[in-house]
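Presented below is the structure to which this report refers.
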Amino acid sequence: MYDPSQLRTFLSVAQTLSFTQAARRLGLRQSTVSQHVRRLEDAAGRTLFTRDTHSVELTEDGEAMLGFARRILEVHEQAAAFFAGTRLRGRLRFGASEDFVLTRLPEILEGFRHEHPEVDLELTVELSGTLHEQLAAGKLDLVLAKRRPEDPRGELVRHDRLVWIGAERLRLDPDRPVPLIVYPPPGITRALALEALERQGRQWRVVCTSGSLNGLVAAARAGLGVMAHSRGLIPPGLVRVPDRAGLPELGQVDFVLVHGRRRSSAQGAADALTAAILAGGDRLHRTERKGL
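If you read the sequence shown in UniProt numbering, its first letter stands for residue 1, the second for the next number, and so on.
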């Protein structure tokens, strides 16, 4: 009833909220992406997206289709792998950004391990900037991290906006420097936050530095200051800082999958994990479940 190619296109649009970005990710024409979505909506008998010239949003039926599409594609891939008779082997060094510590990425990795038990998966959780450095140095085969402004590489997993967050009771004094909670260099979010404040001419001071998301969240929950964070990944117990605080806009951020520049024995496993993450991209939102 549901064509796998149409389901993959649907997931890409749902994850990027952009027909243009989905077409670029899939290597299709935008008209083909629109056609796939329209045919899937015809098959379901429901409207899956509301869209105009400025935005694309999932409908309630579209939200429901997310789970169905992911499960259908997972079973489809399992059947294809079983009857193809191929088994992936080798060591895969995968790096994931701290941003995904509180998401359901562990479920995606668990599914990958189940499907490819002979792949030795090594996981590194680090700052996005550090992961990019390790990938360039040949220490990792694949990373899931924020896109660096100067590096256009990577397959888009999700597009989001950076916002200021803090404890709900926090009040900022406009006459005093902004108290910042930040990752250490080479944190990408840190650099974007400092650049935004400098452009505004707003004074700031660092009140907490930690390489761990849990450390930053603890400081923010304690009311020590504000931190820049992805809008779709706001940790529990923290809220967006209201506009009346006068903090500058932080702009957009892309989370991407980037392969090492050199093809290695891990390439097949890296391609399979890339496909699993792209198919399960709707799980990469903040959840109460912890651990990675």
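Heads up, the beta-carbon is just placed ideally off N, CA and C, and yes, glycines get one too. As the structure is a computational prediction, the values presented were derived from the model and not from experiment.
| Asked | Found |
| --- | --- |
| So who's on the other strand from SER97, going by DSSP bridges? | GLU126 |
| Looking only at its chain, what residues have a beta carbon closer than 6 Å to the beta carbon of HIS36, apart from the 5 residues adjacent to it on each side? | GLN6 and THR9 |
| Does DSSP put ARG24 in a helix, in a strand, or in coil? | helix |
| For a minimum of 4 consecutive residues, which ranges assigned as the alpha helix (DSSP H) are wholly contained in the UniProt domain "HTH lysR-type" (1-59)? | 4-16, 19-26 and 30-44 |
| Identify whether LEU233 lies in helix, strand or coil by the three-state DSSP scheme. | helix |
| Count the other CB atoms within 10 Å of the CB of HIS132; is the residue buried (16 or more) or exposed (fewer)? | buried |
| Excluding sequence positions up to five away, which residues of its chain have a Cβ less than 7 Å from the Cβ of GLY206? | It should be noted that the sequence gives Val, not Gly, for residue 206. Correct list, in chain order: LEU180 and VAL182. |
| In whole angstroms, give me the CA-to-CA distance for ARG113 and TRP204. | 45 Å |
| Out of ALA43, SER97, GLY268 and GLU155, point me to the one whose CA is closest to THR189's CA. | SER97 |
| Identify every run of the alpha helix (DSSP H) within the region 187-238, keeping only runs that are complete inside it and at least 4 residues long; order them along the chain. | 188-200 and 213-221 |
| Can you tell me whether VAL75 is buried or exposed, with buried defined as 16 or more other CB within 10 angstroms of its CB? | exposed |
| Please report how far the alpha carbon of LEU144 lies from the alpha carbon of ALA14, in whole angstroms. | 18 Å |
| Just to check my reading of the structure: GLY211 and LEU278 have Cβ atoms closer than 8 Å, yes? What is that Cβ distance to the nearest angstrom? | GLY211 to LEU278, Cβ: 27 Å. No contact. |
| Can you name, in chain order, every residue of its own chain whose Cβ lies under 8 Å from the Cβ of SER18, other than the five neighbours on each side? | VAL56 and HIS159 |
| What residues in its chain sit with their C-beta under 8 Å from that of LEU140, if we drop five residues either side in the sequence? | ARG93, PHE94, GLY95, THR124, LEU131, GLN134 and GLY260 |
| Quick one, are the C-beta atoms of VAL258 and LYS146 less than 7 Å apart? | no |
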